[in-house]
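Asker:
Protein chains: 4
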Amino acid sequence: MRTLGAVLESVESGTVTITCGFDEGLTQQHGLFHGGVVASLVDVACGYAALSVMPADREVLTVEFTIHFLKPAKTERLIAVGQVVQAGRTLTVCEGSVFDATRTRVLARMTTTMMAVAATPAWH
Amino acid sequence: MRTLGAVLESVESGTVTITCGFDEGLTQQHGLFHGGVVASLVDVACGYAALSVMPADREVLTVEFTIHFLKPAKTERLIAVGQVVQAGRTLTVCEGSVFDATRTRVLARMTTTMMAVAATPAWH
Amino acid sequence: MRTLGAVLESVESGTVTITCGFDEGLTQQHGLFHGGVVASLVDVACGYAALSVMPADREVLTVEFTIHFLKPAKTERLIAVGQVVQAGRTLTVCEGSVFDATRTRVLARMTTTMMAVAATPAWH
Amino acid sequence: MRTLGAVLESVESGTVTITCGFDEGLTQQHGLFHGGVVASLVDVACGYAALSVMPADREVLTVEFTIHFLKPAKTERLIAVGQVVQAGRTLTVCEGSVFDATRTRVLARMTTTMMAVAATPAWH
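Chains as they are written, first to last, in our numbering: chain A, 748 to 871; chain B, 748 to 871; chain C, 748 to 871; chain D, 748 to 871.
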């Protein structure tokens, strides 16, 4: 979060929004946000979304995610929204969207499987 | 690459290796490399692998990728290897592995679709 | 489509719905629809959705898809809806949902990359 | 399995091979095996591979899978091989390959997350 300069904008039960302002260290060869930054941001948003519906003594691990890059990430600010689509005792599936600064263009879409683990982490 | 402190270790036709040393800015709550860092690194390795089999006037865009996190990324150094599994005129499919510093443990596996674009980028 | 006994319910520009009634040949060990049937149905729905926004001389190939199974497919009838989320000249990204017969429960979610090819198919 | 006419060729610990002969009911518009058939077959192979490393009182559910179609499935017989790449108490990650009848061409690649459940199935 700090390395990305990301900011937690809002947390509701099952929906979390994180934003990230433009910085030269986060771009690729054409001055766009790097795909890895886009993916990291929405992975974090999905992780917090999953956490928001889990009991307090749980932590969350990303089991896997898939991301589709839909448009070039040419914007002043990325807005990543993570949402729970299916919450289970062990696994939670989330979907995430990355918008540009105007929140009108969807730049990327993610689907991810998150796993609840005890606060002292064991691995799946 | 610079933000990650990543180093291009080797480039062969269809196979590229990139490494990344441990740094506190790249870790999550348990002192492991963050999933987004792991994903970014192997995405870049796969992108270069795809590029290594394309004509010189092409650039590469990540259309999508899927990553499965297999083991906790507890290591001094990540070693990411990207490999071309199917090269086409427009699309190239790559698979990537992320190893720990000993190169014996596979921490994550990626599959990705890369697209060749003209050196002045148009978008798919 | 015939092997599945699937029916094309509706075709709008960018959105296609296909349904499939319960049949013992399509189930797994617990009398639920098999995951492969669920995936096939929504892959077809996404393919037709992509085709619905392409020029008439194009055909569509599935480059890749990801499917998350959210709930057990215990229903009389599967309803699969495919929708275009990003249409490009070469690639089209679609998302699909599979509902139960009541259309209230989402059983599975798919994201897929489709490729437009000339009506006499070349391969990517 | 029956609907596909699939045959279980071999089961070793962590690796399962299933084959499926050509049949007109399993093809798409160009006389190739349909993508859904290819996906179903390798999903089943991966599921059995996961099951082969689980305790006897467990069953297996597919949480999600991703499949990349690499070459047109123009062959007399599909050979699907599923392999465990990471086995955990709850989750098992498998990778699968689909070969043509000569076993020399890889037609598709899958990665999947499988979940162990009690023999009387609860859902994740």
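Using N, Cα and C, we set each Cβ at its ideal position, and we do this for glycine too. Keep in mind it's a predicted model, so treat the numbers as computed, not measured.
Taking the alpha carbon of L817/C as the point to measure from, which residue in M862/D, S760/D and I765/D has its own alpha carbon closest?
Answerer: Looking at the Cα atoms, M862/D is the closest of the given residues.
Asker: What residues of chain B sit near E756/A, judged by a beta carbon separation below 7 Å?
Answerer: The contacting residues do not exist; E756/A stays about 18 Å from chain B at best.
Asker: Excluding five sequence neighbours on each side, which residues of the same chain lie with their C-beta closer than 7 Å to the C-beta of V847/D?
Answerer: The question names Val, yet the displayed sequence has Asp at residue 847/D. Only T822 and L854 meet the Cβ criterion.
Asker: I want to see whether chain G comes within less than 8 Å of S844/A, judged by CB atoms only; does it?
Answerer: You won't find chain G in this structure, because its protein chains are A, B, C and D.
Asker: Is the beta carbon of H825/D less than 8 Å from the beta carbon of T750/D?
Answerer: For the record, residue 825/D in the displayed sequence is Leu; it is not His. Cβ distance not < 8 Å, so L825/D and T750/D don't count as in contact.
Asker: Would you check if the distance between the CB atom of S844/C and the CB atom of R856/C is smaller than 8 Å?
Answerer: Yes, the Cβ-Cβ distance between S844/C and R856/C is below 8 Å.
Asker: For M862/B, which beta-bridge partners are listed by DSSP?
Answerer: Answer is L808/B and L838/B, bridged to M862/B.
Asker: State yes or no: is the beta carbon of V864/D nearer than 8 Å to at least one beta carbon in chain B?
Answerer: No, no contact with chain B.
Asker: Measure the C-alpha to C-alpha separation of R836/C and I814/A and round it to an integer number of angstroms.
Answerer: About 20 Å.
Asker: First and last residue of the beta strand (DSSP E) that includes V758/C?
Answerer: Counting along the chain, the beta strand (DSSP E) containing V758/C begins and ends at A753 to E759.
Asker: Using beta carbons (cut-off 8 Å, strictly below), is V800/B in contact with chain C?
Answerer: No, V800/B lies away from the interface with chain C (no Cβ there is under 8 Å from its Cβ).
Asker: Tell me, please, whether the CB atom of A860/B is closer than 8 Å to any CB atom in chain D?
Answerer: First, the amino acid is wrong: residue 860/B is Thr here, not Ala. Yes, because at least one Cβ of chain D sits closer than 8 Å to the Cβ of T860/B.
Asker: Please state whether DSSP places A796/C in a helix, a strand or coil.
Answerer: In the structure shown, A796/C sits in a helix (DSSP, three-state: H, G or I).
Asker: In chain A, which residues lie with their C-beta within 8 Å of the C-beta of V840/C?
Answerer: Within chain A, the residues near V840/C are H815, L817 and R856.
Asker: Apart from the five residues on each side of it in sequence, which residues of its chain come closer than 8 Å, Cβ to Cβ, to L811/A?
Answerer: Looking at the sequence itself, residue 811/A is Glu, so the reference to Leu does not match. Hits under 8 Å: T859 and T860.
Asker: Could you confirm whether any beta carbon from chain B is found closer than 8 Å to the beta carbon of V881/D?
Answerer: Residue 881/D falls outside the range modelled here, since chain D spans only 748 to 871, and no answer is possible.
Asker: Do A792/C and V832/C have their CB atoms nearer than 8 Å?
Answerer: No, these two residues do not count as a Cβ contact at 8 Å.
Asker: For chain A, is any of its Cβ atoms less than 8 Å away from the one on G782/B?
Answerer: Yes, G782/B lies at the interface with chain A (some Cβ there is under 8 Å from its Cβ).
Asker: Compare the C-beta of V853/C with all C-beta atoms of chain B and state if any pair is closer than 8 Å.
Answerer: Cβ-Cβ to chain B under 8 Å: no for V853/C.
Asker: Confirm, please, whether the CB-CB distance from V800/D to G761/D is below 8 Å.
Answerer: The answer is yes: Cβ separation under 8 Å.
Asker: Checking contacts by CB at 8 Å: is T809/A closer than that to chain B?
Answerer: So, interface residue.
Asker: Would you please state the rounded distance, in angstroms, between the beta carbons of G783/B and D790/A? I believe it to be under 8 Å.
Answerer: Correct: roughly 6 Å between the Cβ atoms.
Asker: From what residue to what residue does the beta strand (DSSP E) around T766/C run?
Answerer: Run containing T766/C: T762 to G768, per the beta strand (DSSP E) assignment.
Asker: Quickly, what does DSSP pair V775/D with across the bridge? List them, please.
Answerer: Reading off the sequence shown, one finds Gln at residue 775/D, where the question assumed Val. None; Q775/D has no bridge partner.
Asker: Based on the DSSP secondary-structure assignment, which residues constitute the bridge partners of H815/B?
Answerer: According to DSSP, H815/B bridges with E811/A and R856/B.
Asker: Could you confirm whether any beta carbon from chain B is found closer than 8 Å to the beta carbon of A820/A?
Answerer: Judged by the 8 Å Cβ criterion, A820/A is not in contact with chain B.
Asker: For A827/C, name the three-state secondary structure that DSSP assigns.
Answerer: Strand at A827/C.
Asker: Across which residues does DSSP place V791/C in a beta bridge pair?
Answerer: Paired residue(s): none; V791/C is not in a bridge.
Asker: Within 10 angstroms of its Cβ, does E756/D collect 16 or more other Cβ (buried), or is it exposed?
Answerer: Under this definition E756/D is an exposed residue.
Asker: Report yes if the CB atom of P819/D is closer than 8 Å to the CB atom of L773/D, and no otherwise.
Answerer: Result no, Cβ atoms of P819/D and L773/D do not sit closer than 8 Å.
Asker: Per DSSP, what are the beta-bridge partners of V845/B in this structure?
Answerer: Partner(s): A827/B and A855/B.
Asker: Shortest alpha-carbon distance to E759/A belongs to which of D804/A, L798/A, S787/A and A753/A?
Answerer: Looking at the Cα atoms, L798/A is the closest of the given residues.
Asker: With 8 Å as the threshold, decide whether the Cβ of T837/A is near any Cβ in chain D.
Answerer: Closer than 8 Å to some Cβ of chain D, the Cβ of T837/A qualifies, so yes.
Asker: For V754/C, which residues from the same chain have a beta carbon less than 6 Å from its beta carbon, with the 5 sequence-adjacent residues on both sides left out?
Answerer: Counting only Cβ-Cβ distances below 6 Å, and skipping sequence neighbours, we find T766.
Asker: Output yes if chain D places a C-beta closer than 8 Å to the C-beta of L773/C; else output no.
Answerer: For L773/C, the answer is yes, since a Cβ of chain D falls inside 8 Å of its Cβ.
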